[in-house]
């Protein structure tokens, strides 16, 4: 299913041939993201991602866009805590062109002073935009509680201060340090021939000079009591986010945690959705999800609701989190969650872009790629007792963190603290 090749300079490549598709999706992944940044350069990974689309030594910004979009394709990039990815989705006829452009961006970005000046303003406006969106900003506050005074607790885009003070030499130095073959994975999926793709990779990336593999400081997770952060703001709707640190992406309990997530808030059949939205009408948005990083992770709850319903909703959420630790999930509910997990896994990998993202992230983070069938086999081994055990492992009151943005006053904050056992 997956074919691998390591280039002469150490960059790793993976291909999944899907002949019955019209498209090809290609991503160049860098094993570096926000958690690798020193505090003074907070947001440099994201800043650099923006700049790579502004042109190279032989292509302007317009040349790059027209070469992909003018042939019916699309391109994008994203930055996370642990990765930066540059990607394209094109018709299969344009594989070589797409890889040529992506590799040129990654290896030969111009990083012109005038582009840095313009993009600095753009990113500062982006930061302001998300701070004005309470459903987004509440998660920034939660990350600060989960991982205080460390990169994982900082905004991926940095702050207005770090973005303003960043100089071109800082960005260039960061790129030279991390954008080397030891940190590069090239992932491709769709209607292509693996050997031809590997030959193109060798052709376009062979000039990349070997370098050192990126490293980061492991997350610190000391916490002795629950924590609450309330940002009082005159909003039409309150937004709350609850987070409990979990474990890394390779932990043996990772699939059990995903089943726990589905049961509690992962779909419209989940406990929190039924309890808060369908039964009581307290919230429009209520869900849970998991965050899986190399050495740590989190179980997260999000809700958007009327300001007057924050306390009651918090009580109900905490009741469900505590109940699932004590009472084993019933067989029917468990089987529905397991079938949902399996179905969403397989349906989520039908597109060439999703396949590329699956391969690129796993190979970058783990050095190997599980097949969907292998994951399904692991899911089949889980039973309700595993879910209960993981709930006890993760959902302890002392590990709990909560952030709220809304009109919550001091009296309400005190009541929430009581619910959280602070």
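Residue numbers (the working numbering): 12 to 433. Think of the CB as a built atom: it goes at the ideal place given N, C-alpha and C, for glycine as much as any other residue. These numbers were taken from a predicted model, which means no experiment stands behind them.
- Message: Taking its Cβ as the centre, do 16 or more other Cβ atoms sit within 10 Å of residue 366, making it buried, or is it exposed?
- Response: Translated into the one-based positions of the chain shown, residue 366 becomes position 355. When all chains shown are included, residue 366 counts as buried.
- Item | residue 26 versus residue 35: straight-line alpha-carbon distance, rounded | Numbered from 1 along the chain shown, position 15 holds the residue referred to as residue 26. Numbered from 1 along the chain shown, position 24 holds the residue referred to as residue 35. Using only the alpha carbons, I get a separation of about 10 Å.
- Item | CA nearest to the CA of residue 109, picked from 139, 153, 198, 156 | The residue given as residue 109 occupies position 98 in the chain shown. Per the Cα distances, 198.
- Message: Would residue 149 and residue 409 be called neighbours here (beta carbons separated by less than 9 Å)?
- Response: Along the chain shown, read from residue 1 onward, the residue named residue 149 stands at position 138. Along the chain shown, read from residue 1 onward, the residue named residue 409 stands at position 398. Taking C-beta atoms as the reference points, residue 149 and residue 409 fail to come closer than 9 Å.
- Message: Please report the distance separating the alpha-carbon of residue 147 from that of residue 206.
- Response: Along the chain shown, one-based indexing puts residue 147 at 136. Along the chain shown, one-based indexing puts residue 206 at 195. Residue 147 and residue 206 have their alpha carbons spaced roughly 43 Å apart.
- Which residues bound the beta strand (DSSP E) around residue 436? The question about residue 436 has no answer, for the chain in this structure spans 12 to 433.
- Measure the alpha-carbon distance for residue 89 versus residue 368 and round it to whole angstroms. Here residue 89 is taken as the residue at index 78 of the chain shown, counted from 1. Here residue 368 is taken as the residue at index 357 of the chain shown, counted from 1. Distance between the alpha carbons of residue 89 and residue 368 is about 11 Å.
- Task: Just mark residue 1 as buried or exposed, buried being the case when its beta carbon has 16 or more other beta carbons within 10 Å.
- Result: An answer regarding residue 1 cannot be provided, because it is not within the stretch 12 to 433 covered by the chain.
- Where does the unbroken alpha helix (DSSP H) through residue 348 begin, and where does it stop? Residue mapping note: residue 348 aligns to position 337 of the chain shown, counting from 1. That run of the alpha helix (DSSP H) goes 342 to 358.
- Query: Which residues mark the beginning and the end of the beta strand (DSSP E) in which residue 295 is found?
  - Reply: The count along the chain shown starts at 1 and reaches residue 295 at position 284. Residues 294 to 303.
- Is residue 27 helix, strand or coil when you go by DSSP? As a first step, residue 27 must be located in the chain shown, where it is residue number 16. In the three-state reduction of the DSSP assignment, residue 27 falls in the strand class, which pools E and B.
- Query: Can you list, in chain order, the residues of its chain whose CB lies under 8 Å from that of residue 24, leaving out five sequence neighbours each side?
  - Reply: Residue numbering aside, residue 24 sits at position 13 when the chain shown is read from its first letter. Residues of the same chain with a CB within less than 8 Å of the CB of residue 24, apart from the 5 flanking positions on each side, are 15, 16, 17, 18, 196, 197, 198, 199, 208, 209, 212 in chain order.
- Item | Neighbourhood of residue 428 by C-beta distance below 7 Å, restricted to the same chain and skipping five residues each side | Residue numbering aside, residue 428 sits at position 417 when the chain shown is read from its first letter. Excluding sequence neighbours, residue 428 sits near 239.
- Message: How far does the alpha helix (DSSP H) with residue 272 in it extend, from its first residue to its last?
- Response: Here residue 272 is taken as the residue at index 261 of the chain shown, counted from 1. 265 to 272 is the extent of the alpha helix (DSSP H) around residue 272.
- Message: Taking the alpha carbon of residue 118 as the reference point, which residue from 420, 191, 311 has its own alpha carbon closest?
- Response: Residue numbering aside, residue 118 sits at position 107 when the chain shown is read from its first letter. The residue among 420, 191, 311 with its C-alpha nearest the C-alpha of residue 118 is 191.
- Item | Extent of the continuous beta strand (DSSP E) to which residue 15 belongs | Position 4 of the chain shown, counting from 1, holds the residue named residue 15. Run containing residue 15: 14 to 17, per the beta strand (DSSP E) assignment.
- Message: Quick check on the burial criterion: 16 or more other C-beta atoms within 10 angstroms. Buried or exposed for residue 142?
- Response: As a position in the chain shown, residue 142 is number 131, starting the count at 1. The residue in question, residue 142, is exposed, as its Cβ has fewer than 16 Cβ neighbours within 10 Å.
- Query: So, using beta-carbon positions, are residue 86 and residue 131 closer together than 9 Å?
  - Reply: Taking the chain shown and counting its residues from 1, one reaches residue 86 at position 75. Taking the chain shown and counting its residues from 1, one reaches residue 131 at position 120. Contact: no.
- Look up residue 238 in the DSSP assignment and give the residues it is bridged to. To locate residue 238, count along the chain shown from 1; it is residue 227. Under DSSP, residue 238 shares a beta bridge with 412.
- Alpha-carbon to alpha-carbon, residue 124 and residue 337: Sequence index remark: in the chain shown, residue 337 carries index 326 (1-based). Sequence index remark: in the chain shown, residue 124 carries index 113 (1-based). Computed Cα separation, rounded: 59 Å.
- Which word fits residue 140, buried or exposed, when buried means at least 16 other C-beta atoms lie within 10 angstroms of its C-beta? Your numbering for residue 140 matches position 129 in the chain shown. If you draw a 10 Å sphere on the C-beta of residue 140, you find fewer than 16 other C-beta atoms in it, and that means exposed.
- Reference residue 168; option with closest CA among 113, 61, 415: As a first step, residue 168 must be located in the chain shown, where it is residue number 157. Nearest C-alpha to residue 168: 61.
- Message: Can you tell me which residues form a DSSP beta bridge with residue 256?
- Response: As a first step, residue 256 is located in the chain shown; it is residue number 245 there, counting from the start. For residue 256, DSSP records a beta bridge to 309.
- Message: On a Cα-Cα basis, can you pick out the residue from 400, 353, 105 that is closest to residue 385?
- Response: Your numbering for residue 385 matches position 374 in the chain shown. Cα-wise, what sits closest to residue 385 is 353.
- What whole-angstrom Cβ distance do residue 83 and residue 102 have, given they're in contact under 8 Å? To locate residue 83, count along the chain shown from 1; it is residue 72. To locate residue 102, count along the chain shown from 1; it is residue 91. At roughly 6 Å, the Cβ-Cβ gap stays under 8 Å, so residue 83 and residue 102 are in contact.
- Proximal residues to residue 181 (C-beta, below 7 Å), its chain only, five neighbours per side dropped: To locate residue 181, count along the chain shown from 1; it is residue 170. These residues qualify, in order along the chain: 52, 55.
- So what does residue 99 bridge to, in DSSP terms? For this step, residue 99 is matched to residue 88 along the chain shown. According to DSSP, residue 99 bridges with 37, 86.
- Item | Length of the line joining the Cα atoms of residue 270 and residue 260 | The sequence position of residue 270 within the chain shown is 259, counting from 1. The sequence position of residue 260 within the chain shown is 249, counting from 1. Using only the alpha carbons, I get a separation of about 15 Å.
- Message: With a threshold of 8 Å on Cβ separation, who are the neighbours of residue 329 within its own chain once the five nearest residues in sequence on each side are excluded?
- Response: Working through the chain shown from its first residue, we reach residue 329 at position 318. So the qualifying residues of the chain are 430, 431.
- Assuming residue 43 contacts residue 225 under a Cβ cut-off of 8 Å, what Cβ separation, rounded to an integer in Å, is found between them? The residue given as residue 43 occupies position 32 in the chain shown. The residue given as residue 225 occupies position 214 in the chain shown. Sure, about 5 Å apart at Cβ, within 8 Å.
- Query: residue 49: buried (16+ other C-beta within 10 angstroms of its C-beta) or exposed?
  - Reply: For this step, residue 49 is matched to residue 38 along the chain shown. Per the 10 Å Cβ criterion, exposed.
- Task: Measure the beta-carbon distance from residue 297 to residue 284 and round it to whole angstroms, keeping in mind my assumption that it falls under 8 Å.
- Result: For this step, residue 297 is matched to residue 286 along the chain shown. For this step, residue 284 is matched to residue 273 along the chain shown. Indeed, because the Cβ distance is near 6 Å, the residues count as touching under 8 Å.
- Message: Among the candidates 104, 20, 162, whose CA atom is the shortest distance from the CA of residue 32?
- Response: Within the chain shown, numbered from 1, the residue matching residue 32 stands at position 21. Taking only the C-alpha atoms, the option nearest residue 32 is 104.
- Message: I'd like to confirm the pairing. Which residues does DSSP put opposite residue 200 in its beta bridges?
- Response: Locating residue 200 in the chain shown gives position 189, counting from the first residue. Answer is 27, 36, bridged to residue 200.
- Query: Span of the alpha helix (DSSP H) holding residue 64?
  - Reply: In the chain shown, residue 64 corresponds to position 53, counting from 1. Per DSSP, residue 64 lies in no alpha helix (DSSP H) segment and is marked neither H nor E.
- Message: Quick check on DSSP: helix, strand or coil for residue 44?
- Response: The sequence position of residue 44 within the chain shown is 33, counting from 1. Coil, per DSSP.
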